[in-house]
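One structure is given here, and the rest of the page talks about it.
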Amino acid sequence: MTNSDMTCEAFDNALPDYLEGTLDGSLRASVERHLRECVRCAGLVRDLENIRDEAASLPDLVPARDLWTGIEARITAPVIPLTARPERQRRLVPAWIGIAAAALIVSTAGVTYLLTARSMRTGSDGRVAVITPATNSVTPGATTEPAESVGASGSQGIPDQSATRVQTSTKPSRSGVPATLVSQDQSEPAQSDAIYSREIEMLQNIVKQRKTQLDSSTVAVIQKNLEIIDAAIRQSRAALAKDPASRMLNQQLTHTLDKKVELLRTAAMLPAST
Amino acid sequence: MAAGSNVVPVPMGDSTDVALAAAGDRQAFERLYRSHANRVYSLCTRMSGSRTKGEELTQDVFVRTWEKLPQFRGESAFSTWLHRLAVNVVLNARKTEGKEASRTDENDVGDDRWNEVARAPMHIERMDLSDAIARLPAGARKIFVLHDIEGYKHEEIAELCGITSGGSKAQLHRARLLLREALER
């Protein structure tokens, strides 16, 4: 405290604006008067001004290692070109290829719908819904699914139905049947697997045929995303093996399989490389 | 400047390299990187409080720059545009770091963790300003770096950080007080 008309507490409150130089004239005069008489507050202002000045003159830091290598690796990595670079030329492809791809996709989607609808009708009409505890054992590793490559031929990368079928009657269908309601003959999960497998296989064949028309970087990105999705599928199946009755896990698996189908459909419909 | 460049120095200004890099010339882009890496790295390191994080963010900044370069219209200096982009990359990275980051944002005025962290080494040896800045709470550090080191105005910081100008002033003052305490002035 000083003889001035300002207390140290009032000074502290005014300090931010004083340092900013935004105090009005009379208040600024009070602050300056206080500063002339108060050692504590004068020292505080001096220290804060020094910090401010020193910060403004800090030299640039230098990375301890060369960061360019990592940057270069990333900018040369394949990415889906959202905007065509000016030097790139559009490569024309026959229109019938796109039309054929679209027709195939409509066809596979239709087949999926019909099979799924039939599966659901059959389940509700002809089978008894049961609830069973999730105690059935599943062979470890039986749910693994190999990573796939874009355009993999044949059954490569397609879920192996014999391997992926969980050996329990509590495994729900991925075609919309409630999680704990399953058919006693266990045919519905298998049918659901078959539908997804068939759809995925057909789409993969389309993508394989179109592979040469797509930008290589696009193909690489699709491949990478498929690997991610396949990993998620494997994780869901592994978790389901431990907890077959989990509605959440079944929904997750269904969602992931849908994502895979969606990605493949998108890939099949992509315009040819620009 | 980091070692390891094979790029032949070309006596050109940024504008030529910017145009070349925007058209896909990676050597031109490397020259831009070499010119601006230290400044960007300094910003990233000081704002994140970590050299390791600063390196990661610097790489993110330049990858983002490469992607956005075709959109650069030259309405400001390239260095200004790059700097603003770097600030945005750092701020966005902090947002995605989740709860920890958000907890230390504008509302971390009462964060006592700083004292625990910052006081410990002070009894061993005097801390220099850079160390003390790195030990500031994230919210205060961000504002201090942007205002006192990088020269942004409170209004600009408020816009960048999605806070009020008053909040920026309060955090700055808090940061300076904490630094004073850390530096034992």
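Chains as they are written, first to last, in the working numbering: chain F, 2 to 275; chain L, -19 to 165.
No residue lacks a Cβ here, since even glycine has one placed at the ideal position from N, Cα and C.
* Asked: Any idea what DSSP makes of LYS149(L), helix, strand or coil?
  -> The residue given as residue 149(L) occupies position 169 in the second sequence. Of the three classes helix, strand and coil, the one that applies to LYS149(L) here is helix, per DSSP.
* To do: Count the C-beta pairs between the segment 223 to 240 of chain F and the segment -3 to 9 of chain L that are closer than 8 Å, then say yes if the count reaches three, no if not.
  => no
* **Proximal residues to ASP259(F) (C-beta, below 6 Å), its chain only, five neighbours per side dropped** => Residue mapping note: residue 259(F) aligns to position 258 of the first sequence, counting from 1. No residues qualify anywhere along the chain.
* **Contact under 8 Å by Cβ, GLU55(F) with LEU109(L)** => Position 54 of the first sequence, counting from 1, holds the residue named residue 55(F). Position 129 of the second sequence, counting from 1, holds the residue named residue 109(L). Result yes, Cβ atoms of GLU55(F) and LEU109(L) sit closer than 8 Å.
* Asked: Quick one: Cα of VAL125(L) to Cα of LEU227(F), how far?
  -> As a working note, residue 125(L) is residue 145 in the second sequence. As a working note, residue 227(F) is residue 226 in the first sequence. Rounded to the nearest angstrom, the two C-alpha atoms are 42 Å apart.
* Within the segment 198 to 267 of chain F, ranges of the alpha helix (DSSP H) (whole runs, at least 4 residues) -> 217 to 243
* Asked: Going along the chain, which residues of its own chain have a beta-carbon closer than 7 Å to the beta-carbon of CYS24(L), five neighbours each way excluded?
  -> Within the second sequence, residue 24(L) is the residue found at index 44, counting from 1. The residues are GLY34, LEU37, THR38, VAL41, ALA66 and VAL70.
* Could you give the residue range of the alpha helix (DSSP H) that holds HIS253(L)? -> A query on residue 253(L) cannot be resolved here, the shown segment of chain L reaching from -19 to 165 and no further.
* **Proximal residues to THR23(F) (C-beta, below 8 Å), its chain only, five neighbours per side dropped** => The residue labelled residue 23(F) in the question sits at position 22 within the first sequence. Nothing listed; no residue qualifies.
* Mapping DSSP to helix, strand and coil, what is GLU164(L)? -> Within the second sequence, residue 164(L) is the residue found at index 184, counting from 1. In this structure, GLU164(L) counts as coil in the three-state DSSP scheme.
* Can ALA73(L) and ILE123(L) be called in contact, C-beta distance under 8 Å? -> By 1-based counting over the second sequence, the position of residue 73(L) is 93. By 1-based counting over the second sequence, the position of residue 123(L) is 143. The answer is no: Cβ separation not under 8 Å.
* Asked: Quick one: is ILE196(F) near chain L, going by C-beta distance under 8 Å?
  -> Looking up residue 196(F) in the first sequence gives position 195. No, its Cβ sits nowhere closer than 8 Å to a Cβ of chain L.
* Contact check, SER153(L) vs PRO64(F), beta carbons under 8 Å -> The count along the second sequence starts at 1 and reaches residue 153(L) at position 173. The count along the first sequence starts at 1 and reaches residue 64(F) at position 63. Just to set this straight, residue 153(L) is His in the shown sequence, not Ser. Taking 8 Å as the Cβ cut-off, HIS153(L) and PRO64(F) do not qualify as a contacting pair.
* To do: Count the other CB atoms, across all protein chains shown, that sit within 10 Å of the CB of GLY54(L); report buried if there are 16 or more and exposed otherwise.
  => By one-based count along the second sequence, residue 54(L) stands at place 74. Its Cβ having fewer than 16 others within 10 Å, GLY54(L) is exposed.
* Starting from LYS75(L), follow the alpha helix (DSSP H) in both directions and report where the run begins and ends. => Stepping through the second sequence from its first residue, residue 75(L) is reached at position 95. It spans 58 to 76 - the alpha helix (DSSP H) in which LYS75(L) sits, taken as one unbroken run.
* Per-residue DSSP class, three states only, for CYS42(F) -> Position 41 of the first sequence holds residue 42(F). Of the three classes helix, strand and coil, the one that applies to CYS42(F) here is helix, per DSSP.
* To do: Spell out a yes or no on whether the segment 214 to 230 of chain F and the segment 241 to 255 of chain F are touching, meaning 3 or more CB-CB pairs, one atom from each, closer than 8 Å.
  => no
* Answer with buried or exposed for LYS149(L), where buried requires no fewer than 16 other C-beta atoms within 10 angstroms of its C-beta. => Your numbering for residue 149(L) matches position 169 in the second sequence. Result: buried.
* To do: Taking C-beta pairs closer than 7 Å, name the residues in chain L that LEU49(F) reaches, listed in chain order.
  => Your numbering for residue 49(F) matches position 48 in the first sequence. The answer, in chain order, is ARG156 and ARG160.
* What's the C-alpha gap between PHE168(L) and ASN51(F)? -> Coverage of chain L is limited to positions -19 through 165, which leaves residue 168(L) absent and any answer about it impossible.
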